[in-house]
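Undergrad:
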Amino acid sequence: MKYAWLSLGAAVLTMGLKAVGYLLTQSVGLLSDALESGINLVAALTALAALRISAQPPDEEHAYGHQKVEYLSGGAEGGLIALAAISIAVMAIQRLLNPQPIGHLSLGLLISAAASVINLGTALILIRVGRRRRSIALEADGQHLMTDVWTSAGVLIGVGAVGLTGWQILDPLIALTVACWIGFNGYKILKRSALGLIDTALPEQEVAAIRAVLERNCGSKTKYHALRTRQAGSRSFISMHIQVPGDWSIQKGHDLLEKIELEILEFIPSATVFTHIEPLEDPRSWDDLHLDRGAEVEQPKSS
4 MKYAWLSLGA AVLTMGLKAV GYLLTQSVGL LSDALESGIN LVAALTALAA
54 LRISAQPPDE EHAYGHQKVE YLSGGAEGGL IALAAISIAV MAIQRLLNPQ
104 PIGHLSLGLL ISAAASVINL GTALILIRVG RRRRSIALEA DGQHLMTDVW
154 TSAGVLIGVG AVGLTGWQIL DPLIALTVAC WIGFNGYKIL KRSALGLIDT
204 ALPEQEVAAI RAVLERNCGS KTKYHALRTR QAGSRSFISM HIQVPGDWSI
254 QKGHDLLEKI ELEILEFIPS ATVFTHIEPL EDPRSWDDLH LDRGAEVEQP
304 KSS
């Protein structure tokens, strides 16, 4: 929550600074930058609300927790970014048709540069913490701020070029470029949020690590299958079936499952692991090799 508050404070401060920069210069490039910071403020409020909800413990109606609300936050932020891109593009086209001179250039650029430095520091913190804690709300907020930093850098360079060359057309052209870049980043955030809502599997490197644990613990007498993974915000869910000889005791099978679960949790601490034990000799143990248990699956031939 404290990082969400940090983002909120940075958004308020930078939006104010960039608004002053626009009022001084009347540059549509700086206006696009200021609008992007306004979107940052709304995004920070959205992330704050999402994190407050996702931090609530599981309850009777939400036994698996509330972490998926972060994907809704990420989707809302992606939509806001896309809206900002459209607004900037419209203003840039209007300025292309009706060019206007830029005033108080040096002071406006200095104020905008100061705001960008604030955004850069905040973005780096949010991205690092978001990845470490698997919070898409924080990471999306950080990525949004980082987009704002690159946007500001482009605007500063372009508006500075206007001052040096006197080519007023550069100002709206820069704004159009900024709009395209912002829209692309909004699309990426929307895509990632949508994938999270439809229970996308864990990243390949994590699945590979899980398989390594299973291969290490399953020998000639034991096997595994039906490995399934999904991610919900900061939580990971992993399930699998472990096949053991039918004459094993319950305790012996339980010990194997406990060992497997603990080794997986060492690599993915935020995971909830579900294991199901089956007798190796029972043909029904092979019925769910495929994701759809009801599908007709050819029984493996005994060697």
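All the letters of the sequence shown, read from the start, carry residue numbers 4 to 306 under the working numbering. C-beta atoms are modelled at their ideal positions from N, C-alpha and C, and glycine is treated no differently. Bear in mind the structure is a predicted one, so any value in this text is a computation, not a measurement.
According to DSSP, simplified to helix, strand and coil, what is residue 224?
TA: Note: residue 224 maps to coil in three-state DSSP.
Undergrad: Hey, quick one: how far does the beta strand (DSSP E) through residue 14 stretch, first residue to last?
TA: Residue 14 -> not in any beta strand (DSSP E); alpha helix (DSSP H) instead, spanning 5 to 28.
Undergrad: CA-CA distance, residue 11 and residue 47?
TA: Straight-line Cα distance between these residues: approximately 5 Å.
Undergrad: Let me see if you follow: with CB-CB separation under 7 Å, is residue 259 close to chain C or not?
TA: In the displayed structure, chain C is absent; only one protein chain is listed.
Undergrad: DSSP has residue 61 in a bridge; who is on the other side?
TA: According to DSSP, which records beta bridges pairwise, residue 61 is partnered with nothing at all.
Undergrad: For the candidate residues 282, 230, 264 and 241, whose alpha-carbon lies nearest to that of residue 251?
TA: For residue 251, the nearest C-alpha among the options comes from 282.
Undergrad: So, helix, strand or coil for residue 146, using DSSP?
TA: Residue 146: helix per DSSP, three-state reduction.
Undergrad: In chain order, which continuous runs of the alpha helix (DSSP H) of length 4 or greater are located wholly inside the region 181 to 249?
TA: Here the runs fully enclosed are 207 to 220.
Undergrad: Is residue 80 helix, strand or coil by DSSP?
TA: Of the three classes helix, strand and coil, the one that applies to residue 80 here is helix, per DSSP.
Undergrad: Just to confirm, are residue 205 and residue 234 a CB contact at a threshold of 7 Å?
TA: It is a contact, given that the beta carbons lie within the stated cut-off.
Undergrad: Relative to the alpha-carbon of residue 101, which residue among 62, 143, 175 and 159 has its alpha-carbon at the smallest distance?
TA: When each option's Cα is compared against that of residue 101, the closest is 175.
Undergrad: Around the C-beta of residue 222, are 16 or more other C-beta atoms found within 10 angstroms, so that it is buried, or is it exposed?
TA: Exposed: under 16 other Cβ atoms inside 10 Å.
Undergrad: Identify, in the order they occur along the chain, each residue of the same chain with its Cβ nearer than 7 Å to the Cβ of residue 42, setting aside the five sequence neighbours on each side.
TA: Excluding sequence neighbours, residue 42 sits near 83, 84 and 87.
Undergrad: Tell me the rounded alpha-carbon separation between residue 131 and residue 289.
TA: Cα-Cα distance, rounded: 43 Å.
Undergrad: Rounded to whole angstroms, what is the Cα-Cα separation between residue 114 and residue 229?
TA: Answer to the nearest angstrom: the Cα atoms are 57 Å apart.
Undergrad: Any contact of the region 66 to 79 with the region 182 to 189, i.e. 3+ C-beta pairs under 8 Å?
TA: Short answer: they don't touch.
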